Amino acid sequence: MNHAKSEALFERAVSSIPGGVNSPVRAFRGVGGTPVFMARGEGSRLFDADGNEYIDYVGSWGPLLLGHRHPAIVAAIEDALKTGTSFGAPTEREVEIAEAIRDAVPSIEMVRLVNSGTEATMSAIRVARGFTGRDLTVKFEGCYHGHVDSLLVKAGSGMATLGIADTAGVPAAFSETTIVLPFNAFDAVEAAFRALGGRIASVIVEPVVGNMGCVPPAPGFLKMLSEITANHGALLILDEVMTGFRVAFGGAQELYGIKPDLTTLGKVIGGGLPIGAYGGRADVMSCVAPSGPVYQAGTLSGNPLAVAAGLAMLRHLKAHPGIYLDLDARAAELTADVPPGVTVNRVGSMLTFFFHQGPVTDWESAKRSDTAKFKRFFHLMLERGVYLAPSQFEAAFVSAAHTAEDVRKTVAAAAESFGMLA
Ligand SMILES: *Cc1c(COP(=O)(O)O)cnc(C)c1O
Numbered sequence: 001m002n003h004a005k006s007e008a009l010f011e012r013a014v015s016s017i018p019g020g021v022n023s024p025v026r027a028f029r030g031v032g033g034t035p036v037f038m039a040r041g042e043g044s045r046l047f048d049a050d051g052n053e054y055i056d057y058v059g060s061w062g063p064l065l066l067g068h069r070h071p072a073i074v075a076a077i078e079d080a081l082k083t084g085t086s087f088g089a090p091t092e093r094e095v096e097i098a099e100a101i102r103d104a105v106p107s108i109e110m111v112r113l114v115n116s117g118t119e120a121t122m123s124a125i126r127v128a129r130g131f132t133g134r135d136l137t138v139k140f141e142g143c144y145h146g147h148v149d150s151l152l153v154k155a156g157s158g159m160a161t162l163g164i165a166d167t168a169g170v171p172a173a174f175s176e177t178t179i180v181l182p183f184n185a186f187d188a189v190e191a192a193f194r195a196l197g198g199r200i201a202s203v204i205v206e207p208v209v210g211n212m213g214c215v216p217p218a219p220g221f222l223k224m225l226s227e228i229t230a231n232h233g234a235l236l237i238l239d240e241v242m243t244g245f246r247v248a249f250g251g252a253q254e255l256y257g258i259k260p261d262l263t264t265l266g267k268v269i270g271g272g273l274p275i276g277a278y279g280g281r282a283d284v285m286s287c288v289a290p291s292g293p294v295y296q297a298g299t300l301s302g303n304p305l306a307v308a309a310g311l312a313m314l315r316h317l318k319a320h321p322g323i324y325l326d327l328d329a330r331a332a333e334l335t336a337d338v339p340p341g342v343t344v345n346r347v348g349s350m351l352t353f354f355f356h357q358g359p360v361t362d363w364e365s366a367k368r369s370d371t372a373k374f375k376r377f378f379h380l381m382l383e384r385g386v387y388l389a390p391s392q393f394e395a396a397f398v399s400a401a402h403t404a405e406d407v408r409k410t411v412a413a414a415a416e417s418f419g420m421l422a
């Protein structure tokens, strides 16, 4: 494969953009080499600046559940564009998308739209503090909740790939409001609540972790979080920015039968445009300004183009519930055959091949993966026209646009690549 144009673009990019990219994981730091500059996407395919074609399993890091340029979403954006790009005033579609989200996710009685997943989690933990009158947040090692100051502690893929444990630029006073515990560790959660239960405002968790690679919750773990928060007057925040409308129409909370106090959404609900949302119990959400004292605002929040794209996505998914079964079947084919020394974790259309023997259940086990082997695997797949996330600690996403033929080609490329590593 020729990457001359990507290489030239990257050389230019590094002099005007830090690291040459607008989000760190895009930089291929974990795998070396030049990031591929993309020119076009169509269905399951990406085409780079040099004209190379890839089967895409990054899906813009989660949003593209229907693949690139799905006709329903393109049509909705074109339609919205005819009436204006932003009004800074309420619109009918914002009411419609709020109702669509409530309809799909019953724990969400009220919802506020923001512009990214980061804004959603930042706002949700603030609301939890305002509602409870407490300051502490519990999070889990390897979970990423966006680049919120107080949540950037042991925050999974992006930082782990760069070998950064804790970011510079966050005052100790902020990190000190965060209690970090191992994922799936029942005892650690119980101990934290025994010691500090009266000061904990919320527990925030990725119900299926995507940001240390795909790691599902242990049976009963989410239920325990739900009970212990309720018993101590704290709130449970399910960060479903990745899993919402991805692992099921109603998100991971539908899949595992959990009713959180608050939920954060992003990615899929924007249909590929920038959006985020947080919502939950009406009494908690009523704390948000202008109904209540917790301030949160946004010039472009509820942006007409993003809302139109998101609404088209949610309506398409509601009208085609069979998509989730198809995604599950395709993803199952992708993971059917893995060689010894590789552990595959999968929940629906989220999956990760860990180069680690034995179960991966938390950050301790995820980080034992052989990242040098992953790096070689990544490049072997890329050369074979399969575009994976350039980090061991990411999930791959199957979209409804992936065909049986795409999956067969990917399985063949993976078998060949695994073979060359052995
Ligand atoms: C991607 C992600 C975020 C951050 O969303 P952005 O839109 O990138 O700010 C937060 N939480 C989870 C679980 C995510 O996967």
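Numbering (my numbering), first residue to last: 1 to 422.
Ideal Cβ placement from N, Cα and C applies to all residues, glycine included.
It should be emphasised that the depicted structure is a prediction, and the values quoted were computed from it without experimental measurement.
query                                                                                                    : result
Near ligand 1: residue 141 beta-carbon under 6 Å from a heavy atom                                       : no
Reference residue 108; option with closest CA among 263, 66, 51                                          : 263
Touching by the beta-carbon criterion (3+ pairs, under 8 Å), the stretch 360-371 and the stretch 405-413 : no
Beta-carbon spacing of residue 56, residue 324 below 7 Å                                                 : no
Closer than 6 Å: residue 114 CB and nearest ligand 1 heavy atom                                          : no
Rounded separation between residue 252 and residue 103 - CA only                                         : 15 Å
Three-way DSSP call (helix, strand, coil) for residue 197 in this model                                  : helix
Nearest-angstrom Cβ-Cβ length linking residue 37 and residue 9, presumed shorter than 8 Å                : 5 Å
Bridge partner(s) assigned by DSSP for residue 139                                                       : 180
Endpoints, beta strand (DSSP E) assigned at residue 237                                                  : 235-239
Residue 17 versus residue 29 - alpha carbon distance                                                     : 15 Å
Expected contact under 8 Å - CB spacing of residue 2 and residue 50 to nearest Å                         : 5 Å
Straight-line Cα distance separating residue 129 from residue 150                                        : 13 Å
Proximity of residue 352 and residue 239 at Cβ, strictly below 7 Å                                       : no
Check whether residue 144 and residue 385 have beta carbons under 7 Å apart                              : no
Boundaries (first-last residue) of the alpha helix (DSSP H) holding residue 126                          : 117-132
Environment of ligand 1 in chain order, Cβ to heavy atom below 5 Å                                       : 116, 117, 118, 145, 146, 206, 239, 241, 242, 266
Inter-residue spacing [alpha-carbon to alpha-carbon] between residue 169 and residue 177                 : 15 Å
Same chain only: Cβ atoms within 8 Å of residue 188, ignoring 5 sequence neighbours per side             : 181, 182
For residue 226 and residue 235, believed in contact at Cβ under 8 Å, the rounded distance               : Contact doesn't hold; Cβ gap of about 10 Å is too wide.
Nearest neighbour of residue 219, chosen from 256, 106, 328, 247 [CA to CA]                              : 256
Assigned secondary structure, residue 336 (DSSP; H/G/I helix, E/B strand, else coil)                     : coil
C-alpha gap between residue 40 and residue 179, whole angstroms                                          : 42 Å
Among 418, 295, 380, 283, nearest to residue 341 - alpha-carbon criterion                                : 418
Residue interval of the beta strand (DSSP E) (run including residue 350)                                 : 350-354
Helix, strand or coil at residue 52 [DSSP, three-state]                                                  : coil
Short Cβ contact (7 Å threshold) for residue 118 with residue 146                                        : yes
Per-residue burial, residue 420 [other beta carbons within 10 Å of its own, 16 or more giving buried]    : exposed
Boundaries (first-last residue) of the beta strand (DSSP E) holding residue 225                          : Premise fails: residue 225 lies in the alpha helix (DSSP H), 221-231, not in any beta strand (DSSP E).
Length of the line joining the Cα atoms of residue 124 and residue 276                                   : 11 Å
Beta carbon of residue 266 nearer than 7 Å to that of residue 241                                        : yes
Unbroken alpha helix (DSSP H) run spanning residue 7, endpoints                                          : 4-16
Beta-carbon spacing of residue 222, residue 200 below 7 Å                                                : no
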